[in-house]
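In my numbering, the protein residues as written are 1 to 312.
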């Protein structure tokens, strides 16, 4: 559909993360969550109605944001002067809480109302697409930061039938480098979501292994593959079990419960992994090395299926 519109309006069509200039453009939301603007002087009322039957027409009233939100948006996305901080800021530290919805089933005001119930301080909410954005949370010494983000995700899933994923960033000083940190955290969030598809809450600690293994040369990947070849040839589901064991802090009882696997079966798999690879995952350094290697193998298509409770 987008290609057809570009052919019909080759010189009158623009795309943007956020609609603007409503006096000059008619805006639509594509199936890829991208805003498409067509110059009003180039489109007829009949064409507007026709396109609106395929794409969601965007009205200005539905996108009204405060001056503070506009200021933050320009600052983080570098649409203003370099280092032009948002005005009327009374704090010197903040953190970004990035959010991503799986469906467009929640409205801006509904999301805001849900957040107000969880935060005991004034926050800013900046949308960068119809399904994603960032919460700007100031650091206040006397404020309670013990927010249950898991409860927030569960509430959204129950009330709005959409899956919510969050990336909880660390606190930063208010400085010119904030846009860089914002972009870095967005990248970490994307990588962590790819590697931890079933998890809703993400942090820098979760993302870091995927960041470190993002760009590896072919030679190193081949060496990892050869190290694990005895397992890959026969028992790929062993990789899934070992990754779960490491993610659960090397706790056999907890891991076996989460995998619905008998404790003895999991212990058998751990011993087999150590025997086959020579990596002692019962200790921190071995577990770290194995975890990074498993992430690399998963990118090659190994170890993505859940294991069964049997001894091979």
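Even glycine gets a Cβ: it sits at the ideal position worked out from N, Cα and C. All of these numbers come straight from a predicted model, not from anything done at the bench.
Practice task
Closer than 7 Å by C-beta to residue 287: which residues in its own chain qualify, once you throw out the five before and the five after it? Chain order, please.
Solution key: Taking C-beta separations shorter than 7 Å and ignoring five residues to either side along the sequence, the partners of residue 287 in its chain run 246, 250, 281, following chain order.
Exercise for the section: Figure out for me which residue from 98, 99, 103, 147 has the closest Cα to the Cα of residue 120. Expected result: Of the listed residues, the one whose Cα sits closest to residue 120 is 147.
Practice task
Indicate whether the contact test is met: 3 or more Cβ pairs, each with one atom in the segment 23 to 36 and one in the segment 127 to 145, closer than 8 Å.
Solution key: Yes, they touch.
Problem - Runs of beta strand (DSSP E) wholly within the segment 1 to 68 (minimum 3 residues, chain order) - result: Runs found: 13 to 16, 25 to 29, 35 to 39, 56 to 58.
Exercise for the section: Classify residue 37 as buried or exposed, calling it buried when 16 or more other Cβ atoms lie within 10 Å of its own Cβ. Expected result: Residue 37 comes out buried.
Exercise for the section: Could you round the C-beta distance between residue 162 and residue 156 to whole angstroms and report it? I think they count as a contact, below 8 Å. Expected result: Confirmed, Cβ separation roughly 6 Å.
Practice task
Quick one: measure Cβ to Cβ for residue 136 and residue 99, integer angstroms, because I've assumed they're closer than 8 Å.
Solution key: The beta-carbon distance between residue 136 and residue 99, rounded to whole angstroms, is 12 Å. This is too long to meet the 8 Å contact definition.
Problem - Where the beta strand (DSSP E) through residue 206 begins and ends - result: Premise fails: residue 206 lies in the alpha helix (DSSP H), 204 to 212, not in any beta strand (DSSP E).
Problem - Burial state of residue 195 (16 or more Cβ within 10 Å) - result: Buried, since its Cβ has 16 or more Cβ neighbours within 10 Å.
Practice task
Please report how far the alpha carbon of residue 23 lies from the alpha carbon of residue 179, in whole angstroms.
Solution key: Cα to Cα, residue 23 sits roughly 30 Å from residue 179.
Exercise for the section: Drop a sphere of 10 angstroms on the beta-carbon of residue 185, count the other beta-carbons inside from all chains shown, and report buried for 16 or more, exposed for fewer. Expected result: Around the beta carbon of residue 185, a 10 Å sphere encloses 16 or more other beta carbons of the protein chains shown; the residue is thus reported as buried.
Handout entry: Residue range of the unbroken alpha helix (DSSP H) whose run includes residue 271
Key = Per DSSP, residue 271 belongs to the alpha helix (DSSP H) from 263 to 277.
Problem - Neighbourhood of residue 76 by C-beta, 8 Å cutoff - its chain only, sequence neighbours within 5 removed - result: Closer than 8 Å at Cβ, skipping near neighbours: 126, 134, 178, 179, 182.
Exercise for the section: Could you tell me which of 10, 12, 27 sits nearest to residue 18, measuring between CA atoms? Expected result: Cα-wise, what sits closest to residue 18 is 27.
Exercise for the section: Have a look at residue 209 and residue 292 and give me their C-alpha separation to the nearest angstrom. Expected result: Note on geometry: alpha-carbon atoms of residue 209 and residue 292 lie some 6 Å from one another.
Handout entry: Strand pairing of residue 132, partner residues [DSSP]
Key = Its beta-bridge partners are 100, 129.
Exercise for the section: Return the CA-CA distance between residue 323 and residue 113, expressed in angstroms with no decimal places. Expected result: The shown model of the chain, from 1 to 312, leaves out residue 323, and the question about it has no answer.
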